[in-house]
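Numbering (my numbering), first residue to last: 16 to 449.
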């Protein structure tokens with residue numbers, strides 16, 4: 016199968032998963048989040064769903080009560096549902112308390128949320144840690160509301176329950192681990208939510224199919240912020256001992272750009288590999304500062320935790336106009352966008368897997384021609400064809416990693432991996448691991 020065909024099929028498959036998951040009402044807790052994890056578990060044998068009870072102390076936080084959402088609407092005097100949770104689950108302020116009342120327009124308006132600057136978009140609004148209720152609607156729709164009395168119903172429940180997250184550990188030859196983290200807590204939004212879980216799921220399925228993994232892989236599907244805090248409260252000491260690189264996978268499904276958010280350290284293996292791959296795949300990528308952080312890299316890189324975790328996105332959260340609105344839909348996230356995101360993460364993981372310290376086994380420059388590695392007719396073009404090989408040999412002194420050499424000679428590391436294997440087979444180089 017050609018690489019392009021394989022990529023197209025992967026994009027179609029991931030978009031199909033996102034389409035299945037799109038209608039579910041996800042939040043920090045509740046049936047929609049659990050149903051999402053159960054769906055993903057059917058795609059990934061070995062994904063364990065863990066449950067943490069409400070009220071559990073996790074560092075400076077407490078696991079919130081569970082939110083169960085059944086129905087919600089605003090009905091006009093003609094009995095028409097003019098705002099309907101069943102039509103779009105973004106219509107309800109996330110974590111709304113129950114309400115059943117009849118209000119004037121003036122009274123109702125205090126509980127409405129819209130975006131005057133994006134009059135066609137339904138905003139995504141939350142109130143996780145303060146009890147209130149509300150509805151979200153397009154600003155155009157809000158402007159059309161007429162004076163009168165409105166029946167307001169939110170059939171929800173907030174009670175002690177569980178926060179659920181998913182985890183899978185894929186063992187490699189070494190105990191050192193690579194951490195992949197994505198979140199499953201937003202309702203019907205495609206890039207800011209579902210692109211992360213579906214691309215991560217595709218990565219997991221490919222990792223599970225391999226028998227030659229060098230590193231072990233720890234992958235978590237969590238509610239954003241509180242989920243990473245919960246997970247770290249249980250595992251941070253182990254993670255600090257074994258994690259060599261990690262990524263938060265989110266907003267990875269559109270086609271506009273690629274973006275890089277570094278770890279707090281800024282120069283970890285995760286950072287260096289991400290910059291290297293993006294430089295060769297999409298040279299015009301947008302580089303952000305850790306000051307621009309906004310997802311779970313905040314928790315993984317916090318003082319005392321200090322994990323080497325960065326993030327590669329396509330359009331970065333908060334930086335695209337569709338963000339946290341109904342415009343972030345299944346048309347905005349495309350098969351090609353998802354496939355491109357998967358390709359970038361695969362390249363990054365392969366660079367980490369294959370990074371080693373090449374060491375020359377011969378003194379002076381080796382004669383490549385007698386080994387069939389150098390053209391016997393010397394021309395300008397033939398010299399160009401082996402320059403990368405000669406540059407790799409020139410820097411293979413055991414002091415530089417393959418990633419270091421790739422950066423020095425400005426070559427994609429994945430091309431050097433194939434060349435290195437040729438030279439190892441010819442007994443001209445050997446690989447050392449540290």
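No residue lacks a Cβ here, since even glycine has one placed at the ideal position from N, Cα and C. Only a predicted model underlies this, so the values are computations on that prediction, with no experimental measurement involved.
Check: So residue 33 packs on residue 345, CB below 8 Å; how close in whole Å?; Outcome: 6 Å
Check: Do residue 183 and residue 319 have their beta-carbon atoms positioned less than 7 Å apart in this structure?; Outcome: no
Check: Exposed or buried, which one is residue 366 when buried takes at least 16 other CB atoms within 10 Å?; Outcome: buried
Check: Sorted by chain position, which residues of the same chain lie with C-beta nearer than 8 Å to residue 189's C-beta, five sequence neighbours on each side aside?; Outcome: 229, 230, 231
Check: In whole angstroms, what is the alpha-carbon distance linking residue 158 and residue 166?; Outcome: 18 Å
Check: Measure the C-alpha to C-alpha separation of residue 172 and residue 126 and round it to an integer number of angstroms.; Outcome: 18 Å
Check: DSSP three-state call for residue 264: helix, strand or coil?; Outcome: coil
Check: According to DSSP, what are the bridge partners of residue 72?; Outcome: 77
Check: Would a check of beta-carbon distances place residue 243 closer than 7 Å to chain C?; Outcome: Going by chain labels, chain C is absent from the structure shown, which holds only one protein chain.
Check: When DSSP builds the beta bridges, which residues end up paired with residue 337?; Outcome: Paired residue(s): none; residue 337 is not in a bridge.
Check: Can you tell me which of the three DSSP states residue 461 falls into?; Outcome: Beyond the ends of the chain as shown, which are 16 and 449, falls residue 461; an answer cannot be given.
Check: Rank 164, 342, 149 by C-alpha distance to the C-alpha of residue 93 and give the top, closest one.; Outcome: 164
Check: Going by other Cβ atoms of all chains shown within 10 Å of its Cβ, with 16 needed for buried, is residue 185 buried or exposed?; Outcome: buried
Check: Is there contact here, the stretch 327 to 335 with the stretch 302 to 310, by at least three beta-carbon pairs under 8 Å?; Outcome: yes
Check: Taking Cβ positions, are residue 136 and residue 340 nearer each other than 7 Å?; Outcome: yes
Check: Once you ignore the five residues that flank residue 104 on each side, which residues in its own chain have a CB closer than 6 Å to its CB?; Outcome: 40, 202, 203
Check: Would the stretch 240 to 256 and the stretch 278 to 298 be scored as touching if the rule is three or more Cβ pairs under 8 Å?; Outcome: no
Check: According to the neighbour-count rule (16 or more other Cβ atoms, all chains shown, within 10 Å of its Cβ), is residue 155 buried or exposed?; Outcome: exposed
Check: Just mark residue 409 as buried or exposed, buried being the case when its beta carbon has 16 or more other beta carbons within 10 Å.; Outcome: exposed
Check: Per DSSP, what kind of secondary structure is residue 13 in: helix, strand or coil?; Outcome: The structure shown does not extend to residue 13, since the chain is modelled only from 16 through 449, so no value can be given for it.
Check: Could you tell me which residues DSSP pairs with residue 170 in its beta bridges?; Outcome: 86
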